[in-house]
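Throughout the sequence shown, residue numbering follows the working numbering, covering 60 to 600 in sequence.
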Amino acid sequence: TLSGIQYDASGGAEAEAALYLELTNQSTRLYDRCYQALSALAASPYRDILDEAAGEGTAGSLLGYEGLTEDGSALREEEERLIQEYDRIMAQGAPAQVAGRTWTWEDLEAAGGEADPAVAAALEEATRQAAGELYRRLVRLRTEIAEEAGYGSYTEYAYWALYNRDYTLEDARDLWAAAKRSILPLQLRLAERFTARDLRALDVRSRKSGEELLDDLQPFLHGFDREMGRTFDFLRQHHLYDIEYGEDKLPANYTVALPAYGSAFIFLSPYGDYQDYSDLIHEFGHFNETFHCTQHELWADFNIDVGEIHSQALELMFTGYAGEIFGERCGEIYRDVVLYNILDSILDGCLYDEFQTAVYEDPELSVEELNRLFKTLSEEYGYSYEPGVEEDASWVEVSHNFQSPLYFISYATSALSALDLWFLYLDSPREAKEVYLELSALSLSLPYRAAVEEAGLRDIFDDETVPALAEALERFLNGEPLPSRRTEGHPAALLVMECVAVAFILFCVVAMARCARILSRRNGWKHAAKSPDLSERSGRE
């Protein structure tokens, strides 16, 4: 893990890349040997030791673990090598032939104003073509990995073996359609609420160093939750981050666990604008969850759809504090931009999932066919092109396609749940914080739908949920009151608290009425005692 951070910070430099590749391959082999040993324990009379340490059912899940074959190990090592090759292509570019001369990006920079304007376009095209060809190799390789693991397709393998999802590809297909139908119109409307001039004004107020960003986030996080504030202080005290600009850094933002230290680490490659605030609060959502995770690394669950709720919901809730940093008007712009980006997460999450699913169903597509496929699908999600444009190769710039295949749908599912939680936050901040903290306390121990149900949020795969969320957002944009969420879908503990509160209110009402009747008889009152009107009360006090 530490080697990986150095690799990203160095821009994939040769020595760091070689070390990271070797340690990654060693890690794969060592994990495999650990699970083989634990599988032997699971098959022994002492399997209860394993269940006691790792949780009920762990022994059963490890029974019959066969380990990686030599072919399987070789395939995974080749996959990691190709990912590094992609990083190198995107960091350094690919050479291009222009007017009989071979050009690189370094040559172009050295030539300055003397270079032919066509050189930059040729270099960009060569880089995208090289990345596209490498992607085709990755797709074919991953198809082999899925087949070697006994799966019918790589999409099926990724959904179940990589991400432990408790929803199916058919569920995802329904979500693709719902996003196009209900979410896209709202994103187009949000785009009309701010201008390029607004964004420039926001950018001017956002040009901060990493430490200044942390200073700005600190009051919000301390006010949100005392324990979260202490976690933030620990992050800063031990400098568990690399968030300053670095010319050589790979364009990556992530939080990674450091289980041997019982902590985590945040890596950012900042832009120098408002996006740095969103990225940092996003990553701290991951850090906070990872920091408090008590699962041992050997059997820690990986449910990234849940993890992305921690980050995206915190992004949304932070928008209420943005006025304190940017001023009232720019705070509103920041909120609208974050909302736009959250909807973008939903739409792009579905777009890239639909794109990659189609690609893995036909692993022999050429680069040109991949580009045409992406353009066709992207238009369904609101992208627009100049007349005559038939291909779009911009998908190669999205590193998830190469590094974390079929990950992107997790941004869509979690963003919808984050919106659901944000609407509750607008209505009842204290209750929404409790739901958020409960989700964080669940860590990643439950798959997505189970975790959302446990926390009392709505099931986004229910036919009515996405339209309901879209309607709530439309009302918010119109300045209309949101439908109250305080009497639906709470965690059980909150529901019990509500029932107790309501019972207490009714008890008080009855007692007050009884006292009034007694006083009325004693003092000769001619009118009945008036009890409080509960019809105007919400369900929660």
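All C-beta atoms, glycine included, are put in the ideal place defined by N, C-alpha and C. Just so it is clear, the structure is predicted and the values come from calculations on it, not from any experiment.
Can you pull the DSSP bridge partners for Trp162?
As a working mapping, residue 162 is identified with position 103 in the sequence shown. Ala155.
Please name the residue in Ala311, Ala319, Leu465, Leu109 whose C-alpha comes closest to that of Asn223.
Here residue 223 is taken as the residue at index 164 of the sequence shown, counted from 1. It is Leu465.
Work out the CA separation of Glu387 and Ala217 for me, nearest whole Å.
Here the question's residue 217 lines up with position 158 in the sequence shown. Here the question's residue 387 lines up with position 328 in the sequence shown. Approximately 44 Å between the Cα atoms of the pair.
How many Å lie between Arg92 and Gly126 at the Cα?
Within the sequence shown, numbered from 1, the residue matching residue 92 stands at position 33. Within the sequence shown, numbered from 1, the residue matching residue 126 stands at position 67. Whole-angstrom Cα-Cα distance: 7 Å.
Quick check on Ala260: does DSSP put it in helix, strand or coil?
Mapped onto the sequence shown, residue 260 falls at position 201. The answer is helix: DSSP assigns Ala260 an H, G or I state.
Helix or strand or just coil, what does DSSP make of Ile302?
To locate residue 302, count along the sequence shown from 1; it is residue 243. It is coil, neither helix nor strand.
Can you tell me whether DSSP reads Ser473 as helix, strand or coil?
Numbered from 1 along the sequence shown, position 414 holds the residue referred to as residue 473. Helix, per DSSP.
Sorted by chain position, which residues of the same chain lie with C-beta nearer than 7 Å to Gln277's C-beta, five sequence neighbours on each side aside?
Stepping through the sequence shown from its first residue, residue 277 is reached at position 218. The residues are Phe291.
For Leu78, which of helix, strand or coil comes out of DSSP?
Translated into the one-based positions of the sequence shown, residue 78 becomes position 19. Of the three classes helix, strand and coil, the one that applies to Leu78 here is helix, per DSSP.
Below 8 Å CB to CB, which residues in the same chain sit around Gly191 once its five sequence neighbours on both sides are set aside?
By 1-based counting over the sequence shown, the position of residue 191 is 132. Excluding positions up to five away in sequence, the list reads Val426, Leu429, Asn430, Ala452, Val455.
Starting from the Cα of Arg285, find the closest Cα among Leu496, Ser443, Leu61 and give me that residue.
Locating residue 285 in the sequence shown gives position 226, counting from the first residue. The candidate whose alpha carbon is nearest that of Arg285 is Leu496.
Determine the direct distance from the alpha carbon of Arg147 to that of Ala158, and round the result to whole angstroms.
By one-based count along the sequence shown, residue 158 stands at place 99. By one-based count along the sequence shown, residue 147 stands at place 88. The straight-line gap from Cα to Cα measures roughly 26 Å.
Buried or exposed for Ala180, going by 16 or more other Cβ atoms inside 10 Å?
Position 121 of the sequence shown holds residue 180. By the 10 Å Cβ count, Ala180 comes out exposed.
Check each candidate in Thr161, Leu501, Leu193 and name the one with the smallest Cα separation from Phe361.
For the purposes of this step, residue 361 is taken as the residue at position 302 of the sequence shown. That would be Leu501, whose Cα lies nearest to the Cα of Phe361.
Less than 8 Å between C-beta atoms, sequence neighbours within five positions excluded: which residues of the same chain meet that for Asp518?
In the sequence shown, counting from the first residue as 1, residue 518 sits at position 459. Arg508, Val511, Glu512, Thr524, listed in sequence order.
Please classify Leu122 as buried or exposed, where buried requires at least 16 neighbouring CB atoms within 10 angstroms.
Position 63 of the sequence shown, counting from 1, holds the residue named residue 122. Its Cβ having fewer than 16 others within 10 Å, Leu122 is exposed.
Checking the sheet assignment: what are the DSSP bridge partners for Ser322?
Numbered from its first residue, the sequence shown carries residue 322 at position 263. Its beta-bridge partners are Leu317.
Using a Cβ-Cβ cut-off of 6 Å (strictly less than) and excluding sequence neighbours within five positions of Gln65, which residues of its own chain qualify?
Counting from 1 along the sequence shown, the entry for residue 65 is found at position 6. Answer for Gln65: Glu75, listed in chain order.
One question on the structure: do Glu342 and Leu357 come within less than 8 Å of each other, judged by their Cβ atoms?
Working through the sequence shown from its first residue, we reach residue 342 at position 283. Working through the sequence shown from its first residue, we reach residue 357 at position 298. Going by C-beta atoms, Glu342 is not nearer than 8 Å to Leu357.
Going by C-alpha to C-alpha distance, which of Ala153, Leu80, Gly114, Glu203 sits closest to Ala189?
In the sequence shown, residue 189 corresponds to position 130, counting from 1. Checked all of Ala153, Leu80, Gly114, Glu203; the closest Cα to Ala189 is Ala153.
Using the three-state DSSP reduction, which class does Glu450 fall into: helix, strand or coil?
Indexing the sequence shown from 1 puts residue 450 at position 391. Three-state DSSP puts Glu450 in coil, outside helix and strand.
On the premise that Gln371 lies in contact with Ala41, defined as a C-beta separation below 8 Å, what is that separation, rounded to the nearest angstrom?
The structure shown does not extend to residue 41, since the chain is modelled only from 60 through 600, so no value can be given for it.
Identify the continuous alpha helix (DSSP H) that holds Thr353 and give its terminal residues.
What you label residue 353 is simply residue 294 of the sequence shown in a count that begins at 1. No alpha helix (DSSP H) holds Thr353; DSSP gives it neither H nor E.
Confirm, please, whether the CB-CB distance from Asp486 to Lys308 is below 8 Å.
Your numbering for residue 308 matches position 249 in the sequence shown. Your numbering for residue 486 matches position 427 in the sequence shown. For Lys308 and Asp486, no; Cβs fall outside 8 Å.
Would you mind reading off the limits of the alpha helix (DSSP H) that contains Trp235?
Within the sequence shown, residue 235 is the residue found at index 176, counting from 1. Its alpha helix (DSSP H) spans residues 228-237.
So what does DSSP say about Phe520, is it helix, strand or coil?
As a working note, residue 520 is residue 461 in the sequence shown. Of the three classes helix, strand and coil, the one that applies to Phe520 here is coil, per DSSP.
Could you work out which residue in Phe293, Ser103, Leu375, Pro422 is closest to Leu402 when comparing CA atoms only?
Residue mapping note: residue 402 aligns to position 343 of the sequence shown, counting from 1. The residue with the shortest Cα to Cα distance from Leu402 is Leu375.
By the three-class DSSP mapping on this structure, what secondary structure does His281 have?
If you number the sequence shown from 1, residue 281 lands on position 222. Note: His281 maps to helix in three-state DSSP.
Quick check on the DSSP output: the alpha helix (DSSP H) that includes Lys434 runs from which residue to which?
Numbered from its first residue, the sequence shown carries residue 434 at position 375. Run containing Lys434: 426-439, per the alpha helix (DSSP H) assignment.
Distance, Cα to Cα, Gln354 vs Ile325?
Residue numbering aside, residue 354 sits at position 295 when the sequence shown is read from its first letter. Residue numbering aside, residue 325 sits at position 266 when the sequence shown is read from its first letter. So the two alpha carbons sit approximately 20 Å from each other.
Starting from the Cα of Gly366, find the closest Cα among Glu348, Ala359, Thr378 and give me that residue.
By one-based count along the sequence shown, residue 366 stands at place 307. Considering only alpha carbons, the answer is Glu348.
What whole-angstrom Cβ distance do Ala477 and Ile368 have, given they're in contact under 8 Å?
Here residue 477 refers to the residue found at position 418 of the sequence shown. Here residue 368 refers to the residue found at position 309 of the sequence shown. Yes, they are in contact, since the Cβ atoms of Ala477 and Ile368 sit about 5 Å apart, within 8 Å.
Here's the rule I'm using: 16 or more other beta-carbon atoms within 10 Å means buried, otherwise exposed. How should Asn460 be labelled?
In the sequence shown, residue 460 corresponds to position 401, counting from 1. Asn460 is buried by the Cβ-count criterion.
Compute the distance between the beta-carbons of Asp479 and Leu528, then report whether it is under 8 Å.
On the sequence shown, residue 479 is found 420 positions in, with the first residue counted as 1. On the sequence shown, residue 528 is found 469 positions in, with the first residue counted as 1. Yes.
How about Tyr210 and Arg201: are their beta carbons less than 8 Å apart?
In the sequence shown, the residue the question calls residue 210 occupies position 151. In the sequence shown, the residue the question calls residue 201 occupies position 142. No.
Hey, how far is the Cα of Ala133 from the Cα of Asp166?
Position 74 of the sequence shown, counted from the first residue, corresponds to residue 133. Position 107 of the sequence shown, counted from the first residue, corresponds to residue 166. Whole-angstrom Cα-Cα distance: 37 Å.
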